[in-house]
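In order, the protein sequences belong to chains W and R.
In terms of our numbering, the first sequence opens at residue 2 and continues consecutively.
In terms of our numbering, the second sequence opens at residue 2 and continues consecutively.
Think of the CB as a built atom: it goes at the ideal place given N, C-alpha and C, for glycine as much as any other residue.
Below is one structure, written out as structure tokens; comments come after it.
Number of protein chains: 2
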Amino acid sequence: MKLLLVDDDAVLTRALRRGLVAEGFSVEVAFDGPEGLWRAREGGYDLILLDIMLPGAHGYRVCAELRRSGVLTPILMLTAKDGDLDEAEALDTGADDYLRKPFSFPVLVARVHALLRRAALGTPAPLVAGDLRLDVGARRALRGGEPVPLTAREFDLLTYLVRRAGRVVSKREILAGVWDDAFEGDPNVVEVYVARLRRKLDGPDGRRSIETVRGAGYRIADR
Amino acid sequence: MKLLLVDDDAVLTRALRRGLVAEGFSVEVAFDGPEGLWRAREGGYDLILLDIMLPGAHGYRVCAELRRSGVLTPILMLTAKDGDLDEAEALDTGADDYLRKPFSFPVLVARVHALLRRAALGTPAPLVAGDLRLDVGARRALRGGEPVPLTAREFDLLTYLVRRAGRVVSKREILAGVWDDAFEGDPNVVEVYVARLRRKLDGPDGRRSIETVRGAGYRIADR
DNA sequence: CTGAGCCGTTCAGGCTCCCGAAAGGTTCGA
DNA sequence: TCGAACCTTTCGGGAGCCTGAACGGCTCAG
């Protein structure tokens with residue numbers, strides 16, 4: 002879990018950084034508004050901690066700007082003034098939560114966890130490999146934007162392979178993971194289902210979605 | 002705006018209820034943990050006020066249980082002890098905010114409004130899926146502007162599905178969420194009610210409002 | 001009090017379509 | 001060239017799902 006901390010107070014950032022790292026997060030720091038904007042737009046963060054008092058740009062503006070440019074990363078605002086107006090405005094500009102200074106560290110961690118959990122509920126991270134895209138929640142497979150109808154087994158097998166994209170997966174592994182640990186049948190089922198997936202996934206171009214690695218298993222390209 | 006108040010203190014609940022009703026909310030009360038769980042899972046509430054000290058089940062447990070079973074309604078916890086741990090734990094179990102007793106009534110109202118506003122931001126489409134629109138407060142379903150008469154169960158099931166629009170929901174989940182965690186009957190009831198909903202919702206065009214995902218569950222299109 | 005009507009649930013019959021076994025053909029590597 | 005590994009098609013059994021019917025409980029109006 003990677004956090005972006007946008008704050009100009011060197012003492013506070015150092016303390017927060019240390020604490021959050023101790024909690025198992027990886028933390029990057031931006032020391033002013035423009036840098037925060039720039040970094041946040043680069044993406045790759047699971048959550049943004051944003052102080053309201055910033056040199057270069059007010060926290061509200063950074064927040065609104067990010068939302069306007071399509072950044073959906075959860076934002077936790079650190080408000081300085083007291084009073085409800087401040088906090089209401091934070092939420093109105095697109096922040097997901099706020100925390101009034103001074104705050105205790107456990108409360109901060111709890112809020113971060115709550116936000117991450119909520120975000121995880123909303124977007125269960127799509128699986129992508131090449132032009133293949135799996136939405137596990139909706140149980141949908143898309144190839145180049147086009148939905149591909151798959152049966153339950155086919156979808157499970159494809160999910161298993163995409164989750165291990167780039168690696169060679171043996172038939173034994175596949176049988177244990179997709180079918181059952183104690184599957185006693187013919188390993189030929191795997192071949193049968195790989196063939197079915199290929200027929201549905203492979204385009205008219207000769208490119209195969211699932212490679213065969215003779216004597217070892219199967220592999221799906223990771224990009 | 003409909004609130005669920007889960008608290009066993011008769012004096013406090015009566016006072017709160019009266020005050021909140023005067024503020025324009027409609028308020029229902031549950032007097033212990035199990036009843037709170039049951040009602041909250043029924044859905045239809047815009048916010049849940051949850052006291053930590055409860056007979057039958059601790060507030061944390063109720064909260065965690067609700068989140069685990071997919072209830073996304075904002076939860077405002079009323080904590081009794083002081084100390085940050087209590088509050089951090091409240092947030093960690095899935096509460097959206099907490100309020101330390103004793104609190105003043107205006108502060109409570111402010112928090113409720115803040116949470117509702119935040120929830121509104123988080124869910125841009127307030128229970129709309131396709132040409133379907135649910136007015137949870139009035140317990141009315143509209144399809145293309147036309148009201149569709151639904152029984153209580155049918156409405157609950159539809160609400161459950163629309164709240165999870167775009168996702169595949171298994172029959173087990175549905176039984177736990179719409180019926181009861183400890184439902185021991187035939188999962189066929191779900192099929193029966195899906196069929197009834199379809200008969201009422203589906204237009205003369207062949208398009209199905211509720212898709213069947215064989216081997217996985219049901220899905221309602223998110224737009 | 002009482003009967004009509006609605007609601008939730010169960011059950012059985014029927015249907016579709018998926019799963020996996022089997023078997024013969026094909027490709028690869030030594 | 002030969003054998004092993006893999007591919008592909010076919011097909012019967014059955015899981016999973018749909019639906020109409022029926023039954024008991026509950027709520028009302030009369």
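Per DSSP, the continuous alpha helix (DSSP H) segment holding R/Ile-175 begins and ends at 172 to 175.
Chain-order list of chain R residues neighbouring W/Gly-138: Gly-167, Arg-168 and Val-169, by C-beta distance under 8 Å. Interface residue (Cβ-Cβ distance to chain W less than 8 Å): R/Val-110 is not classified as such. Nearest CB-CB separation between W/Ala-81 and chain R: not below the 8 Å threshold.
Here R/Leu-48 is actually not in contact with R/Val-63; their C-beta atoms are around 15 Å apart, not less than 8 Å. Spanning the alpha carbons of W/Met-54 and R/Leu-100 requires a straight line of approximately 26 Å. What W/Ala-153 touches in chain R, judged by beta-carbon distance under 7 Å, is Arg-215, Gly-216 and Ala-217, going in chain order. Residue contact with chain W for R/Arg-220: present (Cβ-Cβ distance below 8 Å to some residue of chain W). Relative to W/Glu-212, the option among W/Gly-146, W/Ser-171 and W/Gly-186 whose CA is nearest is W/Ser-171.
Restricting attention to alpha helix (DSSP H) runs no shorter than 4 residues, the region 155 to 222 of chain R encloses them at 172 to 175 and 189 to 202, ordered along the chain.
Taking a cut-off of 8 Å for Cβ pairs, the region 6 to 16 of chain R and the region 28 to 36 of chain R touch, as three or more such pairs fall below it. When DSSP states are grouped into helix, strand and coil, R/Thr-94 belongs to the coil group.
At the C-beta level, R/Leu-77 and R/Arg-40 stay beyond 8 Å of one another. For R/Glu-147, the enclosing beta strand (DSSP E) starts and ends at 147 to 149.
Taken in chain order, the complete beta strand (DSSP E) segments of 3 residues or longer contained in the region 24 to 48 of chain R are 27 to 31. Between W/Val-179 and W/Leu-202, the CB-CB gap reaches or exceeds 8 Å.
Within the same chain, Cβ atoms closer than 6 Å to the Cβ of W/Gly-37 are found at Val-7, Ala-31 and Val-63, the five residues on either side in sequence being excluded. Using a Cβ-Cβ distance cut-off of 8 Å, the region 180 to 199 of chain W and the region 145 to 155 of chain W are in contact, since at least three pairs of beta carbons, one from each stretch, lie closer than that value. Non-local C-beta neighbours of R/Glu-66 in its own chain, meaning closer than 7 Å and more than five positions away in sequence, comprise Leu-38, ordered along the chain.
Non-local beta-carbon contacts of W/Lys-102 in its own chain, meaning distances under 7 Å to residues more than five positions away in sequence, involve Leu-79, Thr-80 and Ala-81 in chain order.
Secondary-structure assignment with DSSP links R/Tyr-99 through a beta bridge to R/Met-78. Using a 10 angstroms sphere on the CB of W/Val-113, the tally of other CB atoms reaches 16 or more, which defines it as buried.
Put simply, the backbone Cα of W/Arg-144 is about 35 Å away from that of R/Phe-156. CA-CA distance, W/Met-2 to W/Ala-23, rounds to 12 Å.
Rounded to whole angstroms, the separation of the alpha carbons of W/Ala-111 and W/Asp-9 is 23 Å. Per DSSP, R/Arg-140 lies in no beta strand (DSSP E) segment and is marked neither H nor E. Per the C-alpha coordinates, the member of R/Ala-142, R/Pro-188, R/Gly-60 and R/Arg-118 positioned closest to R/Gly-95 is R/Gly-60. Going by C-alpha positions, W/Asp-182 is about 7 Å away from W/Leu-176.
In the displayed model, R/Val-72 falls within coil according to three-state DSSP, outside both helix and strand. In this structure W/Ala-130 is in contact with W/Val-163, their Cβ atoms being roughly 5 Å apart against a cut-off of 8 Å. In the DSSP assignment, W/Leu-5 falls within the unbroken beta strand (DSSP E) covering 3 to 7. Boundaries cannot be given for R/Leu-55, as no beta strand (DSSP E) includes it and DSSP labels it neither H nor E.
In this model, R/Arg-165 and R/Asp-97 are separated by some 19 Å (Cα to Cα).
At least 8 Å separates the beta-carbon of R/Asp-132 from that of R/Gly-167.
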